[in-house]
Amino acid sequence: AQRVTQPEKLLSVFKGAPVELKCNYSYSGSPELFWYVQYSRQRLQLLLRHISRESIKGFTADLNKGETSFHLKKPFAQEEDSAMYYCALKRTSGSRLTFGEGTQLTVNP
Amino acid sequence: GAGVSQSPRYKVAKRGQDVALRCDPISGHVSLFWYQQALGQGPEFLTYFQNEAQLDKSGLPSDRFFAERPEGSVSTLKIQRTQQEDSAVYLCASSFRDLGDSPLHFGNGTRLTVT
Chain A
9 AQRVTQPEKL
19 LSVFKGAPVE
29 LKCNYSYSGS
39 PELFWYVQYS
49 RQRLQLLLRH
59 ISRESIKGFT
69 ADLNKGETSF
79 HLKKPFAQEE
89 DSAMYYCALK
99 RTSGSRLTFG
109 EGTQLTVNP
Chain B
41 GAGVSQSPRY
51 KVAKRGQDVA
61 LRCDPISGHV
71 SLFWYQQALG
81 QGPEFLTYFQ
91 NEAQLDKSGL
101 PSDRFFAERP
111 EGSVSTLKIQ
121 RTQQEDSAVY
131 LCASSFRDLG
141 DSPLHFGNGT
151 RLTVT
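Sequence lines, in order, name chains A and B. So the first sequence is numbered by this note's numbering: it starts at 9 and just counts up by one. So the second sequence is numbered by this note's numbering: it starts at 41 and just counts up by one.
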């Protein structure tokens, strides 16, 4: 069975500092990885997916199959980045997403 | 509508009562998912529909949970004889096609509290 682990429940940085939210997964096949974000009082929404290889709101994430990781990075955090971030995995076959437990990011002024 | 709509937003039920949670997906979205999110946890998959067909219900925790989408649009998640461990936020999400091709759009969820 697949599993997604986000080791940090809470992460706090100062504005302008680099931020990295960790995500590790276990799955024997070729997964598709996603990052979802939930801002305060808003619904869960897609931030980025690994197959798109794009930068959204300054965030990037690279799939490292050797380390089975999909860490989310941003070089200069902004206060508006404060939110709950979930890493999620989709198996090669099937449609369901398996989510990690989430990391609450706080960017302090 | 502008997005996935869920009702009610909040539901308090006494243990043993039956509840029904409604989801209105984005018009034209083929795929519909239900997730359960316990406090401090990530969403956990319950069930998946493609149009009116329930293709995966392996995440439903017991036979007290039942979901339907009879006309391929609105879906209802029913929980019979609610228990305290059913207390959670129930999220509905839809996508235009299969999840691999199009992003998942979530509703605001229904927060169920069983007393």
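By construction, the Cβ of each residue, glycine as well, lies at the ideal position given by its N, Cα and C atoms.
Cα-Cα separation between Ala42/B and Gln57/B, rounded to whole angstroms: Approximately 32 angstroms, taken between the alpha carbons.
Contact between the stretch 45-56 of chain B and the stretch 65-77 of chain A (3+ Cβ pairs under 8 angstroms): no
Test: Phe107/A CB closer than 9 angstroms to a CB of chain B: Answer yes: the Cβ-Cβ gap between Phe107/A and chain B drops below 9 angstroms somewhere.
Helix, strand or coil at Glu92/B according to DSSP, with G and I counted as helix: coil
Helix, strand or coil at His58/A according to DSSP, with G and I counted as helix: Residue state, collapsed to three classes: helix.
Helix, strand or coil at Asp17/B according to DSSP, with G and I counted as helix: The question about residue 17/B has no answer, for chain B in this structure spans 41 to 155.
Gly99/B beta carbon less than 9 angstroms from that of Glu84/B: yes
Given 8 angstroms, three or more beta-carbon pairs between the stretch 86-102 of chain A and the stretch 121-133 of chain B: no
Reduced DSSP secondary structure (H/G/I, E/B, other) of Glu88/A: helix
Neighbour list for Arg79/B in chain A, Cβ cutoff strictly below 7 angstroms: Reading off the sequence, residue 79/B comes out as Leu, not Arg. Those within 7 angstroms of Leu79/B in chain A number zero; the least Cβ separation is about 11 angstroms.
For Glu108/B, the three-state DSSP class (helix, strand or coil): It is a strand residue.
Pair within 9 angstroms by beta-carbon distance, Arg137/B and Lys51/B: no
Proximal chain A residues relative to Pro101/B, where beta-carbon distance stays under 7 angstroms: None at all; the shortest Cβ gap to chain A is about 15 angstroms.
Nonlocal neighbours in the same chain, by C-beta distance under 6 angstroms from Pro83/A, ignoring five residues either side: Only Pro26 meet the Cβ criterion.
Cβ pair Val129/B, Pro65/B closer than 9 angstroms: no
Burial state of Gln77/B, where buried means 16 or more other Cβ atoms lie within 10 Å: With 16 or more other Cβ atoms within 10 Å, it is buried.
Nearest-angstrom Cα separation, counted from Lys23/A out to Phe205/B: Missing from the structure shown is residue 205/B; chain B here goes from 41 to 155 and no further.
Proximal residues to Leu164/A (C-beta, below 7 angstroms), its chain only, five neighbours per side dropped: Because chain A spans 9 through 117 in this model, residue 164/A falls outside it and cannot be assessed.
Own chain residues within Cβ distance below 6 angstroms of Arg62/B, not counting five before or after: Ser47 and Thr116
Contact set between the stretch 51-69 of chain B and chain A, restricted to residues whose Cβ is under 9 angstroms from the partner: none
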